[in-house]
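Notes to accompany the following structure.
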Amino acid sequence: PPRWPRCRFPCFIPVGIPTAFAMVKPRHPSAAAADLARRKRCALVLVAAGCVSLFIVASITFHSVLISDEEDVDDGIIGAGLGGDGTGGRNRMQQGKGKTSRDRLDGGVNLDDTYPDVRGAHDKRYPPDDVERLRAFAQSLRTHDYQVADSSMPYDVNNCPLIPPDGYPQSWPTLDILDNWNPNDTADPHSHVVYQGICRFNAATEFDKALAYREAELPFVIRDDPVVLPTVERWNQPEYLPNILGHQRHYRTDMSSTNQLMFYRTGKNGGGHRIPKDWEEPTKEVPMTYGDWLDKANNLDPRELEPDRPHWYFRLNGKSTVHDKYLFEELPFFKREQNFYMVDPTDARGINCRFGMRGNTAENHFDASRNFIALFGGERRYFLSHPRECKNLALYKMGHPSARHSEVDWSNPDLDKFPQFRKAKSHEVVLQAGDVLY
Numbered sequence: 023p024p025r026w027p028r029c030r031f032p033c034f035i036p037v038g039i040p041t042a043f044a045m046v047k048p049r050h051p052s053a054a055a056a057d058l059a060r061r062k063r064c065a066l067v068l069v070a071a072g073c074v075s076l077f078i079v080a081s082i083t084f085h086s087v088l089i090s091d092e093e094d095v096d097d098g099i100i101g102a103g104l105g106g107d108g109t110g111g112r113n114r115m116q117q118g119k120g121k122t123s124r125d126r127l128d129g130g131v132n133l134d135d136t137y138p139d140v141r142g143a144h145d146k147r148y149p150p151d152d153v154e155r156l157r158a159f160a161q162s163l164r165t166h167d168y169q170v171a172d173s174s175m176p177y178d179v180n181n182c183p184l185i186p187p188d189g190y191p192q193s194w195p196t197l198d199i200l201d202n203w204n205p206n207d208t209a210d211p212h213s214h215v216v217y218q219g220i221c222r223f224n225a226a227t228e229f230d231k232a233l234a235y236r237e238a239e240l241p242f243v244i245r246d247d248p249v250v251l252p253t254v255e256r257w258n259q260p261e262y263l264p265n266i267l268g269h270q271r272h273y274r275t276d277m278s279s280t281n282q283l284m285f286y287r288t289g290k291n292g293g294g295h296r297i298p299k300d301w302e303e304p305t306k307e308v309p310m311t312y313g314d315w316l317d318k319a320n321n322l323d324p325r326e327l328e329p330d331r332p333h334w335y336f337r338l339n340g341k342s343t344v345h346d347k348y349l350f351e352e353l354p355f356f357k358r359e360q361n362f363y364m365v366d367p368t369d370a371r372g373i374n375c376r377f378g379m380r381g382n383t384a385e386n387h388f389d390a391s392r393n394f395i396a397l398f399g400g401e402r403r404y405f406l407s408h409p410r411e412c413k414n415l416a417l418y419k420m421g422h423p424s425a426r427h428s429e430v431d432w433s434n435p436d437l438d439k440f441p442q443f444r445k446a447k448s449h450e451v452v453l454q455a456g457d458v459l460y
């Protein structure tokens, strides 16, 4: 909103159900020339600014990050540092020995050398300019039809006006939303009714509306954009990702002993963060091949999907269009070029990619910049809250290693400990293949 021209932090919570998404974080234009002193002042606004909580079920996530030169900020899901490794995503574990390399070596094969052939073979078989085929393919992946819970809403989320209506987006008591569908319920939706308050626009017929809502700094979903659909099709071909990621190469993976994954910051990159007594790191970093992660993600044994069982979050990172060219070729709409998803190309900071297995929960938190989140497969459920709700979401105090997160367990809120959570309001949306959330 205009009254927050320099420090604007949205609150949201995503929950997925087989998902693939990509997120871009263009900063507000007025912050492009911000200096360090102003950033310190902005930090004081964080608590009042925005909160996000991600609940992911079987998800593949991709996230383009834009941050300041002075800061080294992760995307608010888990881990620490730009791109997840504190180096802009350039250094990656190789062969599980902790070594780093700019070359993506898979045994004796350089994956960057073989990528053009893999991509070319796919595009020859599935022409990326056949928009009708791409739309039909994305539609075939969307197996659930979610209905809006409140029929008394003053607007239709699937047929919104060009000018955002007063009070948009509508929100409801957070507890009502959680009672309707608990985040730990990872089975196929028992109820297809959701408390959706944001509009979903068809890219073919309502692009002008999406642009208007983006300019108004309001959340929305745009569906079936032709620039996004080719990635949806490629990444849902069984052999495509294994061929471009390799069979032996290890990548950073975050592991939690439960389904709850939380960002934290400590040590030399922790700034002023103070370690509470008896505090333990909520996640561990482990090396893992894409195939090993995929085996875990495809294990649908109900006993292994329980919230108290280990969960893994596979990730890729890219900052350089030279050293990480394949990621920018896979996600061309996140390149440092002016387009609908890249508001300020001069402020781009790279791509963070997230692959989440069924049941993963990225805990309630806020991010410090704009977000564009594109789903390439499966589903991901987001809860979003207006920045004014942060006072009701019980954030950890500034200085805590997970200071951008809420202390509340959204799957089982302790209302005696956090009575303010009774007043919290949110709305939700389930993203599906081909959806992009702003």
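Position 214, counted from 1, in the sequence shown is what my numbering calls 236; the numbers after and before it change by one each time, with no gaps. Ideal Cβ positions, reconstructed from N, Cα and C, are used throughout, including at glycine.
query	result
Cβ pair count under 8 Å reaching 3, the stretch 312-323 against the stretch 341-356	no
Best match in Lys-357, Ala-425, Gln-360 for proximity to Ala-390 [C-alpha to C-alpha]	Ala-425
Phe-84, buried or exposed, once every other Cβ within 10 Å from all chains shown has been counted against 16	Because Phe-84 sits at a pLDDT of 40, beneath the cut-off of 50, its placement in the model cannot be relied upon, and the point is left open.
N-terminal and C-terminal residue of the beta strand (DSSP E) that Pro-264 is part of	Here Pro-264 belongs to no beta strand (DSSP E); instead the alpha helix (DSSP H) covers 262-267.
In DSSP terms, what Trp-315 is bridged to	DSSP output for Trp-315 lists no bridge partner at all.
Proximity winner among Gln-454, Tyr-460, Val-249, relative to Leu-163 (alpha-carbon distances)	Gln-454
Sub-8 Å separation of His-427 and Phe-285 beta-carbons	yes
Beta carbon of Leu-156 nearer than 8 Å to that of Leu-251	yes
Residue closest to Val-216, alpha-carbon to alpha-carbon, out of Val-451, Tyr-460, Asn-434	Val-451
Where Tyr-335 falls: helix, strand or coil (DSSP)	strand
Coil, strand or helix - Lys-447 by DSSP	strand
Host alpha helix (DSSP H) of Val-153 (start-end)	153-163
Nearest-angstrom Cα separation, counted from Ser-174 out to Asn-339	43 Å
Extent of the continuous beta strand (DSSP E) to which Ala-390 belongs	No beta strand (DSSP E) holds Ala-390; DSSP gives it neither H nor E.
Through-space distance from His-144 to Thr-288, alpha-carbon basis	43 Å
Residue of His-166, Trp-203, Val-131 minimising C-alpha distance to Ser-433	Trp-203
Paired residues, beta bridge with His-427 - DSSP	His-387
Residue(s) in a DSSP beta bridge with Gln-461	The structure shown does not extend to residue 461, since the chain spans only 23 to 460, so no value can be given for it.
Residue from Lys-447, Pro-191, Ser-279 whose Cα sits closest to the Cα of Thr-305	Ser-279
Asp-167 versus Val-131 - alpha carbon distance	43 Å
Pair within 8 Å by beta-carbon distance, Pro-514 and Ile-220	The structure shown has nothing for residue 514, since the chain only spans 23 to 460.
Coil, strand or helix - Val-344 by DSSP	coil
7 Å Cβ shell around Arg-236 - same chain, five flanking residues per side excluded	Tyr-460
Which listed residue (Asp-300, Asp-431, Ala-160, Leu-406) has its alpha carbon closest to that of Thr-253	Ala-160
Cβ-Cβ distance between Gln-465 and Glu-401 below 8 Å	With the chain running from 23 to 460 in the structure shown, residue 465 is simply not present.
Rounded straight-line distance, which links the Cα of Leu-127 to that of Phe-377	21 Å
Reduced DSSP secondary structure (H/G/I, E/B, other) of Pro-463	In the structure displayed, the chain extends from 23 to 460; residue 463 sits before or after that span and is not available.
Bridge partner(s) assigned by DSSP for Arg-245	Asn-224, Asp-457
Reference Asp-436, options Pro-149, Asn-180, Arg-141, Leu-197, closest by Cα	Leu-197
Cβ neighbour criterion (16 or more within 10 Å) applied to Thr-275	buried
Option nearest Thr-368 by Cα separation, candidates Arg-358, Val-170, Arg-141, Asn-374	Arg-358
Contact belief for Ile-199 with Phe-405 at Cβ below 8 Å, rounded distance in angstroms	7 Å
Close-in-space but distant-in-sequence residues of the same chain around Asp-230 (CB under 8 Å, 5 per side omitted)	Leu-184
Those residues which DSSP pairs with Glu-307 across a bridge	Asp-276
Inter-residue Cα distance where the pair is Gly-456 and Asp-246	5 Å
Expected contact under 8 Å - CB spacing of Ala-446 and Leu-415 to nearest Å	6 Å
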